[in-house]
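Participant:
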Amino acid sequence: MAGLTATPAASSPPRFEPALMRRKLTGTLFYGACLAAIGILIVALLALLLDVLIVGLPWLDIDFIASMPSRRPAQAGVLPALVGSIELAIIVGLITFPVGIGAALYLAEYAPDTRVTRLLQTNISNLAGVPSIIYGIFGLAIFVRLLGLGPVLFSGAATLALVILPLVIIASIEAIKAVPQAQREGAYALGASRWQMVRSSVLPAAAPGIMTGIILAMARAIGEAAPLVVVGAAAFVTSLPQPLSGSFTVLPIQVFNWAQRPQADFQGIAAAAIIVILVLVFILNLLALVVRARLSRHIQW
Amino acid sequence: MAASLGVVTTIGIVVLLTYQTVQFFQIVNPIDFLTGTVWSASIEPYKFGVLALVSGTLLVATIAMIIGTPLGLLSAILLSEYSSNRVRNIVKPVLETIAGIPTIVLGFFAINFLSPEVLKPIFGDDIGIFSALAGGIVVGILITPLIASISEDAMRAVPRGLREGAYAMGATKFEVVRKVVLPAAVSGVMASIVLAMSRAVGETMAVVLAVGTRPQLTFNPLESVQTMTAFIVQITQGETSQGSVQFLSLFAVAMVLFVITFALNLASAWIVRRYRTAY
Amino acid sequence: MVEENPLIAEPPTIRIMASDGRATSAPPDAEPVIELRDVSCFYGSFRAVRNVDLEIAPQRITALIGPSGCGKSTLIRTINRMNDLVPSFRAEGTVLLDGQDLFAREVDPVAVRRRVGMVFQKPNPFPKSIWENVAFGPKINGFKGDLDELVERSLRRAALWDDVKDKLKQSGMALSGGQQQRLCIARTIAIDPEVILMDEPCSALDPRSTRQIEELMVELKRDYTIVIVTHNMQQAARASDTTVFLTMGEDRAGYVVEQGETVSIFTNPQHQLTEDYVSGRFG
Chain A
1 MAGLTATPAA SSPPRFEPAL MRRKLTGTLF YGACLAAIGI LIVALLALLL
51 DVLIVGLPWL DIDFIASMPS RRPAQAGVLP ALVGSIELAI IVGLITFPVG
101 IGAALYLAEY APDTRVTRLL QTNISNLAGV PSIIYGIFGL AIFVRLLGLG
151 PVLFSGAATL ALVILPLVII ASIEAIKAVP QAQREGAYAL GASRWQMVRS
201 SVLPAAAPGI MTGIILAMAR AIGEAAPLVV VGAAAFVTSL PQPLSGSFTV
251 LPIQVFNWAQ RPQADFQGIA AAAIIVILVL VFILNLLALV VRARLSRHIQ
301 W
Chain B
1 MAASLGVVTT IGIVVLLTYQ TVQFFQIVNP IDFLTGTVWS ASIEPYKFGV
51 LALVSGTLLV ATIAMIIGTP LGLLSAILLS EYSSNRVRNI VKPVLETIAG
101 IPTIVLGFFA INFLSPEVLK PIFGDDIGIF SALAGGIVVG ILITPLIASI
151 SEDAMRAVPR GLREGAYAMG ATKFEVVRKV VLPAAVSGVM ASIVLAMSRA
201 VGETMAVVLA VGTRPQLTFN PLESVQTMTA FIVQITQGET SQGSVQFLSL
251 FAVAMVLFVI TFALNLASAW IVRRYRTAY
Chain C
1 MVEENPLIAE PPTIRIMASD GRATSAPPDA EPVIELRDVS CFYGSFRAVR
51 NVDLEIAPQR ITALIGPSGC GKSTLIRTIN RMNDLVPSFR AEGTVLLDGQ
101 DLFAREVDPV AVRRRVGMVF QKPNPFPKSI WENVAFGPKI NGFKGDLDEL
151 VERSLRRAAL WDDVKDKLKQ SGMALSGGQQ QRLCIARTIA IDPEVILMDE
201 PCSALDPRST RQIEELMVEL KRDYTIVIVT HNMQQAARAS DTTVFLTMGE
251 DRAGYVVEQG ETVSIFTNPQ HQLTEDYVSG RFG
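Residue numbers (our numbering), protein chains in the order written: chain A, 1 to 301; chain B, 1 to 279; chain C, 1 to 283.
Below is the structure:
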């Protein structure tokens, strides 16, 4: 072909120095830093668990679980605290269940999309960010003083319910909103009323998410101590807590009291009580997984 | 009806705190309260300079942020950009476990292990069993899952097309993360940091155990200080009569705490709205 | 262990010039710039593309056409190793760029992608300023020289300069669809690739923008080799020099049915399948 020559391009091509090696090295170092971060977290977590187990296991036995607290560590037990925690969790769950689901249903399904509704939702988000100790002060003023209930288990439960309600509501709203519109339309098309549609299509589909949210919130409630300290959980309880009378305590408070004393024995029983808390929390988390799996089985979309 | 409970609660909290704070200000001068740097509520002479407590809270929270932010961000990047099954199966459970640990346990860890076995050998006589550093470290661990999860969501929301465009021009993975993904996700990441700050400020049980009860204005993390939340616990634990100035001071401190955390939460939402990258 | 990366030391780009100084299409029998020999692509155990032999001639527009799902996108993404980003992906066979095996062990995909650029179906400018978009590639590849001049040159070549020269600091996302796509082209040519791959670049655009991009392609082929995947047969007939027709076999793997000069593929196809496709009987 006449007239065709191979020459470098008329305008000189731009010069690049890609420095590929250096860039890749930087990338690898960064990846290393990311791994180091998670490594630090793992080490910290392991250190914490090992510390608790090593210090606490020697003190953990049936007597420990079944006895009352005592001035002498060797005879101390967590029975009132354990019973208190369990009762507390149940009452909190009973309060949160209807109120939380009701509020979530209202906000997600029934409420018109107006400024007022959005304000309510923002309000709930803000409440979720309020430190739990402020709820304690609020609970102290309202349940203990104003309503005259006194520093009893129920006051503590009501206060904790307020703490976790925003979280439950937010999680439930998400679960409800995740139900595809098609489900709702299908029910309407068959002539269902709004409540019938919600009951048959939305609730079952959102149930796994809602129940998981409630159970996890209860796990959080079991671990909370700050609001209860303010409400008046007692330092030293020698009888099983009743919901509406007498002093009460829960496991985290018991840990708090014992951990404040520097003697190694008290540290030991504090750690043992922590193990009990962790077991409870673990059981609840497991329960959440199981409930989620069982309820999800009936959903296919 | 149930949803309005939320509004009732918010109004209730604000009304309660304001009412009691006003009563408190009838005994103690608000200027002294807000600008004073000495806090001595139970020991005569009584002084109510809240800055001592605020500085304690901020000192602990700052240390917590210094620790929690890089740990949380790097974990989020791991989950979002370097995500293989192996990575996810380790990182996610670790973060979720930390998130599920009751804060009292972290406080115990601080005084039972962290202070005596780690900090004391490092700092020797400069540090005691209680210190802002110990509290800051455990709170930092506590807030890491919060930063990680919100930041991860923000990064995942960046569309795949943006990453592909960068890769197609010969960018390395790190360059894609640094120059494309993080800038696009910046509003979510910043919001997560502010939210974590709010959480660190409001944290109670972990700091109560770890940090001590010595209210003082100091920037030295090795010192023992007292945070606002710890003071509230201290007052309610003791025997204080209802109308006493100590009891009222509790509400005033709570008010300050509420205002600070509320402002931080609002700021976080505002950051997302204002700086959201359109893509 | 420092590996010699052959793609870092780059051979000077060779453009074939006509004697009057204007670059033109290379003759059909010039050395192919890209060669695929017996290439198959797998996602896990699923074979998406089967035994492809292909030659891409320099400074021409080669169109890959065929019904959807027959692996055209997979194929061109293999060429610039974008499929490496998919964990389950695996390629067999040989892909040569200027005679270098792109899948050799010591070859870094990052280096490949500097020489083989890609424009995507959905325009994906960065949420940064227009200037930043175009400067992104040169900056990370260590450009030495006047960036402003390079940005202007690239935007001119992409027929976008007049539209944006007063608003270089505005966000790239504020442009219209067609303009965004030209921005993506501008930033791709800013790093001076040899080959530009285009994966259905006009399917998200309106007809007027589509014509503009097609005219741009014809301009660009003077300096770059262009491979375009398209659903639009008229577009392939209008704009390309060579056409490759792929279809999906019964095993759901794509394979090359026929390739050749565009004119002959469309007016005188050798294969019955090709004839059926270009006359609209299926696809």
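Glycine included, every Cβ here is placed at the ideal spot set by N, Cα and C.
Once the 5 residues before and after B:V253 are set aside, which same chain residues still bring their CB inside 8 Å of it?
Facilitator: Taking the first residue of the second sequence as position 1, residue 253 of chain B is located at position 253. Here the set comprises V50, L53, M228, F231, I232.
Participant: Between the segment 141-158 of chain C and chain D, which residues of the former have CB atoms less than 9 Å from a CB of the latter, in chain order?
Facilitator: Included in the structure are the protein chains A, B and C, with no chain D among them.
Participant: Under 9 Å between C-beta atoms, does B:W4 make it to chain A?
Facilitator: Your numbering for residue 4 of chain B matches position 4 in the second sequence. Per the sequence shown, residue 4 of chain B should be read as Ser rather than Trp. Output row for B:S4: interface = yes.
Participant: Is B:I141 closer than 9 Å to B:I98 when the C-beta atoms are compared?
Facilitator: Position 98 of the second sequence holds residue 98 of chain B. Position 141 of the second sequence holds residue 141 of chain B. Against a cut-off of 9 Å, the Cβ pair of B:I141 and B:I98 comes out as a contact.
Participant: Leaving out five residues before and five after B:S217 in sequence, what residues of the same chain have Cβ atoms less than 7 Å from its Cβ?
Facilitator: Walking along the second sequence from the start, residue 217 of chain B turns up at place 217. Checking the sequence shown, residue 217 of chain B turns out to be Leu, not Ser. Result list for B:L217: T37, L51, A52, S55, in chain order.
Participant: How many angstroms separate the CA atom of C:I61 from the CA atom of C:C202?
Facilitator: Within the third sequence, numbered from 1, the residue matching residue 61 of chain C stands at position 61. Within the third sequence, numbered from 1, the residue matching residue 202 of chain C stands at position 202. In a straight line, the C-alpha of C:I61 is about 15 Å away from that of C:C202.
Participant: When you compare only the Cα positions, how much space is there between A:A264 and A:R199?
Facilitator: Counting from 1 along the first sequence, the entry for residue 264 of chain A is found at position 264. Counting from 1 along the first sequence, the entry for residue 199 of chain A is found at position 199. So the two alpha carbons sit approximately 56 Å from each other.
Participant: Less than 8 Å between the CB atoms is what I'm expecting for B:F221 and B:I63, so what's the real figure, rounded?
Facilitator: Taking the second sequence and counting its residues from 1, the one referred to as residue 221 of chain B is at position 221. Taking the second sequence and counting its residues from 1, the one referred to as residue 63 of chain B is at position 63. What sits at residue 221 of chain B in the sequence shown is Pro, not Phe. Confirmed, Cβ separation roughly 6 Å.
Participant: Using a Cβ cut-off of 9 Å, which residues of the segment 14-29 of chain A contact any Cβ in chain B, in chain order?
Facilitator: Here the close residues are P18, L20, R23, K24, T26, G27, T28, L29.
Participant: Could you check whether the Cβ of A:F138 sits closer than 9 Å to any Cβ belonging to chain B?
Facilitator: In the first sequence, residue 138 of chain A corresponds to position 138, counting from 1. Answer yes: the Cβ-Cβ gap between A:F138 and chain B drops below 9 Å somewhere.
Participant: Counting only beta-carbon atoms, is B:G120 nearer than 9 Å to chain A?
Facilitator: As a first step, residue 120 of chain B is located in the second sequence; it is residue number 120 there, counting from the start. The question names Gly, but residue 120 of chain B is Lys in the sequence shown. Answer no: the Cβ-Cβ gap between B:K120 and chain A never drops below 9 Å.
Participant: Could you tell me if B:I13 is buried or exposed, where buried requires 16 or more neighbouring beta carbons within 10 angstroms of its beta carbon?
Facilitator: For the purposes of this step, residue 13 of chain B is taken as the residue at position 13 of the second sequence. That one is buried.
Participant: Going straight from the alpha carbon of C:R22 to that of C:E219, what length do you get?
Facilitator: Taking the first residue of the third sequence as position 1, residue 22 of chain C is located at position 22. Taking the first residue of the third sequence as position 1, residue 219 of chain C is located at position 219. Reliability of the predicted coordinates at C:R22 is poor, the pLDDT of 39 falling under 50, and the value obtained from them is presented with this limitation in mind. Cα-Cα distance, rounded: 12 Å.
Participant: Chain C partners of B:Y167, CB-CB under 7 Å?
Facilitator: Locating residue 167 of chain B in the second sequence gives position 167, where the first residue counts as 1. Near B:Y167 (Cβ distances below 7 Å), the residues of chain C are M82, L85, R113.
Participant: Could you tell me the alpha carbon to alpha carbon distance between B:R274 and B:I193, rounded to whole angstroms?
Facilitator: Taking the first residue of the second sequence as position 1, residue 274 of chain B is located at position 274. Taking the first residue of the second sequence as position 1, residue 193 of chain B is located at position 193. One C-alpha to the other measures close to 16 Å.
Participant: In angstroms, rounded to a whole number, what distance separates the CA positions of C:A239 and A:A108?
Facilitator: Residue mapping note: residue 239 of chain C aligns to position 239 of the third sequence, counting from 1. Residue mapping note: residue 108 of chain A aligns to position 108 of the first sequence, counting from 1. If I take the Cα positions, the gap works out to 53 Å.
Participant: Looking at the structure shown, is C:S40 part of a helix, part of a strand, or coil, going by DSSP?
Facilitator: Against the third sequence, residue 40 of chain C aligns to sequence position 40. C:S40 falls in the strand class under three-state DSSP.
Participant: Considering only residues of the same chain and omitting the five flanking positions on each side of B:A145, which have a CB-CB separation below 8 Å?
Facilitator: As a first step, residue 145 of chain B is located in the second sequence; it is residue number 145 there, counting from the start. The displayed chain sequence assigns Pro, not Ala, to residue 145 of chain B. If we look at B:P145 and ignore the five residues flanking it on each side, its Cβ neighbours are G72, L95, E96, I98, A99.
Participant: Who pairs with B:K47 in a beta bridge, going by DSSP?
Facilitator: By one-based count along the second sequence, residue 47 of chain B stands at place 47. B:S40, per the DSSP bridge assignment.
Participant: Specify whether the segment 159-173 of chain A and the segment 125-143 of chain A touch according to this definition: at least 3 beta carbon pairs, one from each stretch, less than 8 Å apart.
Facilitator: They touch, by the three-pair rule.
Participant: Give me the Cα-Cα distance between A:I253 and B:Q237, rounded to the nearest whole angstrom.
Facilitator: The residue you call residue 253 of chain A lines up with position 253 of the first sequence. The residue you call residue 237 of chain B lines up with position 237 of the second sequence. Near 11 Å, if we compare the C-alpha coordinates of B:Q237 and A:I253.
Participant: Run down chain A in chain order and give the residues with a C-beta less than 9 Å from the C-beta of C:V110.
Facilitator: Residue mapping note: residue 110 of chain C aligns to position 110 of the third sequence, counting from 1. Per Cβ cutoff of 9 Å: P18, L20, R23, K24.
Participant: CA-CA distance, B:G135 and B:P116?
Facilitator: In the second sequence, the residue the question calls residue 135 of chain B occupies position 135. In the second sequence, the residue the question calls residue 116 of chain B occupies position 116. Their backbone Cα atoms lie some 13 Å apart in a straight line.
Participant: Suppose contacts are defined by Cβ-Cβ distances below 9 Å. Is A:P324 in contact with A:L153 by that definition?
Facilitator: Shown here, chain A extends from 1 to 301; a query on residue 324 of chain A therefore has no answer.
Participant: Measure from the C-beta of B:T9 to each C-beta in chain A and report whether the shortest distance is under 9 Å.
Facilitator: Walking along the second sequence from the start, residue 9 of chain B turns up at place 9. Closer than 9 Å to some Cβ of chain A, the Cβ of B:T9 qualifies, so yes.
Participant: Using the beta-carbon count (16 or more within 10 Å), is A:T114 buried or exposed?
Facilitator: For the purposes of this step, residue 114 of chain A is taken as the residue at position 114 of the first sequence. Result: exposed.
Participant: Alpha carbons only, please: which of C:F266, C:R252, C:G178 is nearest the one belonging to C:T242?
Facilitator: The residue you call residue 242 of chain C lines up with position 242 of the third sequence. The residue with the shortest Cα to Cα distance from C:T242 is C:F266.
Participant: Can you check whether the C-beta of C:P32 is within less than 9 Å of a C-beta belonging to chain A?
Facilitator: By 1-based counting over the third sequence, the position of residue 32 of chain C is 32. Cβ-Cβ to chain A under 9 Å: no for C:P32.
Participant: Around the C-beta of C:P125, are 16 or more other C-beta atoms found within 10 angstroms, so that it is buried, or is it exposed?
Facilitator: Stepping through the third sequence from its first residue, residue 125 of chain C is reached at position 125. C:P125 comes out buried.
Participant: Tell me which same chain residues have a C-beta within less than 6 Å of the C-beta of B:V208, skipping the five on either side of it?
Facilitator: Counted from its first residue, the second sequence places residue 208 of chain B at position 208. These residues qualify, in order along the chain: A230, V233.
Participant: Is the CB of B:K92 under 9 Å away from at least one CB in chain C?
Facilitator: As a first step, residue 92 of chain B is located in the second sequence; it is residue number 92 there, counting from the start. No - not a single Cβ of chain C is within 9 Å of the one on B:K92.
Participant: First and last residue of the beta strand (DSSP E) that includes A:G93?
Facilitator: For this step, residue 93 of chain A is matched to residue 93 along the first sequence. Careful: A:G93 lies outside any beta strand (DSSP E), inside the alpha helix (DSSP H) at 79-105.
Participant: Is the separation between the beta-carbon of B:V139 and that of B:A61 shorter than 9 Å?
Facilitator: Working through the second sequence from its first residue, we reach residue 139 of chain B at position 139. Working through the second sequence from its first residue, we reach residue 61 of chain B at position 61. Yes, the Cβ-Cβ distance between B:V139 and B:A61 is below 9 Å.
Participant: Along chain B, which residues have their Cβ under 7 Å away from the Cβ of A:D51?
Facilitator: As a first step, residue 51 of chain A must be located in the first sequence, where it is residue number 51. Those within 7 Å of A:D51 in chain B are F109, N112, F113.
Participant: Within its chain, find whatever has a CB closer than 7 Å to the CB of A:I91; leave out the 5 residues flanking it on each side and keep chain order.
Facilitator: Numbered from its first residue, the first sequence carries residue 91 of chain A at position 91. F154, A157, P243, listed in sequence order.
Participant: Out of curiosity, what's the CA-to-CA distance linking B:M169 and C:K167?
Facilitator: Within the second sequence, the letter at position 169 stands for residue 169 of chain B. Within the third sequence, the letter at position 167 stands for residue 167 of chain C. Looking at the two C-alpha atoms, the distance is approximately 23 Å.
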